[in-house]
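Heads up: the sequence shown begins at 22 in the working numbering, then just goes up one per residue.
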Amino acid sequence: MSAELTYHKKIEIKNKKKLAELEQKLPAFCAVFFVGMAQRGASSRTLVAYAYDMDIFFNYINKLILEKPYDSLRKIPMEILDKIKKFDIERYLSYLEYYEDEEGREHINDECGKKRKLSSLRSFYNYFYESELIKTNPASIVHVPKIHDKNIIRLDPDESAKLLDIIENGDSQSSKHEQTYHKKNKIRDLALITLLLGTGIRVSECVGLNLEDVDFDNDAIKITRKGGNEATVYFGEEVEEALMEYMDERMKVIPKPGNENALFLSMQDKRISVRAVENLVKKYASYVTTLKKITPHKLRSTYGTELYKESGDIYLVASVLGHKDVNTTRKHYANMDEDQKRKAANMVKLRKG
């Protein structure tokens with residue numbers, strides 16, 4: 022088994038352990054749903070997300086809907102599903118706007134959060150209803166929360182250039198310790214962030230890369246998409262230059278056992294984590310803009326925006342970004358008229374001459 026597969030296998034095992042842990046807190050009949058959805062092709066990551074959502078839902082039902090709450094969610098019988106009405110689920114969506122969990126932690130959900138949790142609940146009810154294990158399906162008739170359009174948060178071209186300049190040259194105002202840290206990691210950081218900005222790959226796809234996944238002969242990388250499918254992504258000269266410089270440094274490092282083939286390494290000589298990359302992007306982006314919350318996903322949005330501007334081809338953008346549904350891409354990138362609006366501001370002269 023290759024190291025690259027071992028990395029994704031580790032993620033798979035981690036998710037399965039988490040699912041098993043969450044299952045022990047949920048009504049026993051939920052196991053039927055998880056097994057059924059796994060057979061339909063749901064990823065372990067998706068199943069864990071379902072489990073978290075079901076935990077919230079059944080805690081709500083047990084505390085606020087049932088006349089006699091059970092002392093354990095595990096004891097809630099499947100028959101409860103047929104006693105839950107449309108109004109109960111509508112109240113649940115309102116409850117999601119602000120609630121405290123069992124440990125007293127506060128949670129807030131906007132329309133997107135409520136929509137996703139309703140989607141999970143619909144999948145849950147649909148499975149039992151289609152399997153003829155319940156007689157009613159109230160989740161299917163609950164109105165989906167309306168999502169208000171938001172501007173895509175992304176870096177402008179000059180901000181992208183400034184971001185790469187900061188990584189390459191550092192910040193003279195930073196502390197001596199920060200400058201030492203930067204000097205040690207700048208070649209890796211520049212390669213990593215140039216790769217994200219120059220290909221639009223997801224941060225999870227980036228950290229999963231192995232040395233053998235980089236093909237300089239064809240200027241391409243082999244990545245593993247969500248769901249486990251492999252894909253080839255091509256990169257340009259700027260990415261090639263940054264990666265090649267990093268490769269020279271990478272080959273001098275002796276990684277910790279089990280990380281020998283990892284492309285991007287942490288300070289501990291282990292495969293870099295998603296969280297570490299998120300922190301890197303946040304740190305460098307803070308030098309560029311304080312008005313935008315820049316994450317690795319926003320670098321992906323930056324790439325998608327620029328690719329659409331240059332090509333005008335929404336299908337190409339969808340293909341490169343790995344979107345299964347082109348409507349997802351169209352929703353995010355085909356309504357970018359802000360630049361035109363800005364230009365319009367100066368088109369009409371109030372005092373001519």
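Ideal Cβ placement from N, Cα and C applies to all residues, glycine included.
Between the CA atoms of residue j and residue i - distance to the nearest angstrom
i: D192; j: Y81; result: 49 Å
i: N348; j: G333; result: 15 Å
i: E88; j: P98; result: 14 Å
i: L211; j: L185; result: 7 Å
i: L216; j: L40; result: 32 Å
i: L94; j: S161; result: 23 Å
i: I173; j: V338; result: 15 Å
i: L264; j: E199; result: 23 Å
i: E25; j: V295; result: Since pLDDT at E25 reaches only 46, below the 50 mark, its modelled position is unreliable, and the value read off the structure follows with that caveat. Approximately 15 Å between the Cα atoms of the pair.
i: Y42; j: G62; result: The identity of residue 42 in the sequence shown is Glu, whereas the question assumes Tyr. Cα to Cα, the separation comes out at about 21 Å.
i: E266; j: D179; result: 24 Å
i: P90; j: N83; result: 5 Å
i: E153; j: G57; result: 13 Å
i: G249; j: L312; result: 35 Å
i: S140; j: H203; result: 43 Å
i: Y71; j: E100; result: 20 Å
i: P276; j: M288; result: 10 Å
Supposed contact pair residue j and residue i - C-beta distance, whole angstroms, cut 8 Å
i: K136; j: P166; result: 5 Å
i: N282; j: K291; result: Wrong, their Cβ atoms sit about 12 Å apart, outside the cutoff.
i: F256; j: D269; result: Not really, about 17 Å apart at Cβ, beyond 8 Å.
Closest Cα partner of residue i within the set the options
i: R321; options: K30, L312, G333, V302; result: V302
i: E343; options: A297, I293, E331, G221; result: For the record, residue 343 in the displayed sequence is Gly; it is not Glu. Taking only the C-alpha atoms, the option nearest G343 is G221.
i: R223; options: K277, Q194, T323; result: T323
i: Q194; options: H169, Y308, N147; result: Y308
i: A59; options: E33, P276, A49, E100; result: E33
i: E262; options: E153, I208, Y120; result: I208
i: C375; options: S196, V163, P317; result: Here the chain covers residues 22 to 374 and nothing more, so residue 375 does not appear.
i: E259; options: K313, I315, S181; result: S181
i: L142; options: D234, H29, H164; result: H164
i: Y329; options: D346, K319, Y354; result: Y354
i: K314; options: L176, Y148, L102; result: L176
i: Y305; options: K37, P159, L213; result: L213
i: F108; options: L85, P48, E151; result: L85
i: I244; options: Y336, D238, L284; result: L284
With 16 other Cβ atoms within 10 Å as the buried cut-off, status of residue i
i: C133; result: exposed
i: F78; result: buried
i: V69; result: buried
i: I110; result: buried
i: N300; result: exposed
i: T326; result: buried
i: D74; result: buried
i: N231; result: buried
i: G229; result: buried
i: V235; result: buried
i: T253; result: exposed
i: K345; result: exposed
i: K31; result: exposed
i: V274; result: exposed
i: Y28; result: buried
i: F145; result: buried
i: K156; result: exposed
- Segments assigned alpha helix (DSSP H), at least 4 residues, entirely inside the segment 329 to 356: 335 to 342, 347 to 354
- Query: Counting only runs that start and end within the segment 115 to 189, where is the alpha helix (DSSP H) found for 4 or more residues in a row?
  - Reply: 132 to 151
- Item | Any alpha helix (DSSP H) of 4 or more consecutive residues that is wholly inside the segment 64 to 90 | 65 to 81
- Query: Counting only runs that start and end within the segment 234 to 318, where is the beta strand (DSSP E) found for 3 or more residues in a row?
  - Reply: 241 to 245, 251 to 255
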